[in-house]
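So the structure is just underneath, and the comments pick up after that.
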Amino acid sequence: GESVGLHLPTLSVQEGDNSIINCAYSNSASDYFIWYKQESGKGPQFIIDIRSNMDKRQGQRVTVLLNKTVKHLSLQIAATQPGDSAVYFCAETPGGTDKLIFGTGTRLQVFP
Amino acid sequence: DAGVIQSPRHEVTEMGQEVTLRCKPISGHNSLFWYRQTMMRGLELLIYFNNNVPIDDSGMPEDRFSAKMPNASFSTLKIQPSEPRDSAVYFCASSFEGGRASGGYTFGSGTRLTVV
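Those protein sequence lines, which keep their order, are chains A and B.
Mapped onto the numbering used here, the consecutive letters of the first sequence carry residue numbers 4 to 115.
Mapped onto the numbering used here, the consecutive letters of the second sequence carry residue numbers 7 to 122.
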């Protein structure tokens with residue numbers, strides 16, 4: 004059959020609104036999680052991380068929530084700005100390794 | 007700090023040719039990772055090193071791919087012979103102690119490889 008590229012889910016938000024990007028991770032043994040932002044033509048850029056012994060961590064305008072029971076991670080961006088438009092990836096590191104495994108990503112579009 | 011430095015930024019080569027991608031990690035980081043990004047497969051980990059030693063190369067697609075880290079400040083990813091399906095953006099990343107201590111893994115700007 005014909006091959007197709009990854010279909011990135013897209014989240015469209017209005018400038019000033021809050022954004023929530025969700026991620027389901029795969030490995031129950033993962034103990035460290037990171038959110039990355041990738042703009043066109045650039046490498047992934049670190050946003051915020053969280054260890055498995057926490058369920059919430061806050062940074063500047065961003066909050067990461069971790070629910071280990073259902074293996075779910077979310078990134079909340081407050082007062083979303085046009086400069087936040089990018090593809091956002093969650094990444095996990097299985098315990099006992101340094102492997103950083105990326106999810107498929109979510110495209111965030113911010114419109115005025 | 008100049009960050010993770012990759013070269014070249016762009017590479018166009020003919021099928022069958024050897025391609026060498028280069029990476030200079032952040033000074034003091036002891037882990038180095040090579041990733042490949044394509045539309046089809048997203049970001050894939052190819053191989054990673056701790057203290058210059060390859061730890062996991064299970065993501066290397068074929069024997070045509072090889073990676074070395076002769077010292078703490080330099081790594082190469084080589085494809086020989088290259089094929090059109092190797093066309094992708096290749097990223098190098100580095101971290102200290104697996105990223106948990108340094109606040110994540112820092113990525114370079116990538117090398118866009120096109121094999122024609």
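By construction, the Cβ of each residue, glycine as well, lies at the ideal position given by its N, Cα and C atoms.
_Counting beta carbon pairs with one atom in the segment 91 to 109 of chain A and one in the segment 47 to 58 of chain B, are three or more of them shorter than 8 angstroms?_
yes
*Assign B:Glu-17 to one of three DSSP states: helix, strand, or coil.*
Here residue 17 of chain B corresponds to residue number 11 of the second sequence, with the count starting at 1. B:Glu-17: strand per DSSP, three-state reduction.
*Taking Cβ-Cβ distances shorter than 8 angstroms, what residues in chain B pair up with A:Ile-104?*
As a first step, residue 104 of chain A is located in the first sequence; it is residue number 101 there, counting from the start. Going along chain B in sequence order, the residues near A:Ile-104 (Cβ under 8 angstroms) are Leu-51.
*Where does B:Glu-103 sit, in a helix, a strand or coil, going by DSSP?*
What you label residue 103 of chain B is simply residue 97 of the second sequence in a count that begins at 1. Note: B:Glu-103 maps to helix in three-state DSSP.
*At a CB-CB cut-off below 7 angstroms, which residues of chain B make contact with A:Gly-46?*
For this step, residue 46 of chain A is matched to residue 43 along the first sequence. Residues of chain B passing the Cβ test: Phe-97, Phe-113, Gly-114, Ser-115 and Gly-116.
*Neighbour flag for B:Leu-119 against chain A, beta carbons, 8 angstroms*: Along the second sequence, read from residue 1 onward, the residue named residue 119 of chain B stands at position 113. No, no contact with chain A.
*Is the Cβ of A:Ile-37 closer than 8 angstroms to any Cβ of chain B?*
Position 34 of the first sequence, counting from 1, holds the residue named residue 37 of chain A. Yes, its Cβ sits closer than 8 angstroms to a Cβ of chain B.
*Might you give, ordered along the chain, the residues of its own chain that have their beta carbon closer than 8 angstroms to the beta carbon of B:Gly-114, omitting 5 neighbours on each side?*
Indexing the second sequence from 1 puts residue 114 of chain B at position 108. Counting only Cβ-Cβ distances below 8 angstroms, and skipping sequence neighbours, we find Gly-9, Val-10, Ile-11, Gln-12, Cys-29, Phe-97, Cys-98 and Ala-99.
*How long is the line joining the alpha carbons of A:Ser-88 and A:Thr-109, rounded to whole angstroms?*
Counting from 1 along the first sequence, the entry for residue 88 of chain A is found at position 85. Counting from 1 along the first sequence, the entry for residue 109 of chain A is found at position 106. If you take the alpha carbons of A:Ser-88 and A:Thr-109, they lie about 10 angstroms apart.
*Which residues in the same chain as A:Val-113 place their Cβ atom closer than 7 angstroms to its Cβ, once the five residues preceding and following it in sequence are excluded?*
Sequence index remark: in the first sequence, residue 113 of chain A carries index 110 (1-based). Cβ within range, chain order: Val-16, Glu-18, Thr-83, Gln-84, Pro-85, Asp-87 and Ser-88.
*At a CB-CB cut-off below 8 angstroms, which residues of chain A make contact with B:Ser-88?*
Within the second sequence, residue 88 of chain B is the residue found at index 82, counting from 1. Neighbours of B:Ser-88 on chain A: none; closest Cβ ~20 angstroms, over 8 angstroms.
*Reference A:Asp-1; option with closest CA among A:Leu-68, A:Cys-93, A:Ile-53 and A:Ser-77*: The first residue shown for chain A is 4 and the last is 115, placing residue 1 of chain A beyond what the model contains.
*Closer than 8 angstroms, Cβ to any Cβ of chain B: which residues of the segment 51 to 84 of chain A, in chain order?*
Asp-52 and Arg-54
*asked:* Quick check on the DSSP output: the beta strand (DSSP E) that includes B:Gln-124 runs from which residue to which?
replied: The requested residue 124 of chain B does not occur in the structure, where chain B is confined to residues 7 to 122.
_Span separating the alpha-carbon of A:Glu-5 from that of A:Asn-56_ = Numbered from 1 along the first sequence, position 2 holds the residue referred to as residue 5 of chain A. Numbered from 1 along the first sequence, position 53 holds the residue referred to as residue 56 of chain A. Only weak support exists for where A:Glu-5 lies, its pLDDT of 38 falling under 50; the value from the coordinates is given anyway. Roughly 43 angstroms between the two C-alpha positions.
*Answer yes if the segment 74 to 83 of chain B comes into contact with the segment 70 to 77 of chain A, meaning at least three C-beta pairs across the two stretches below 8 angstroms, and no otherwise.*
no
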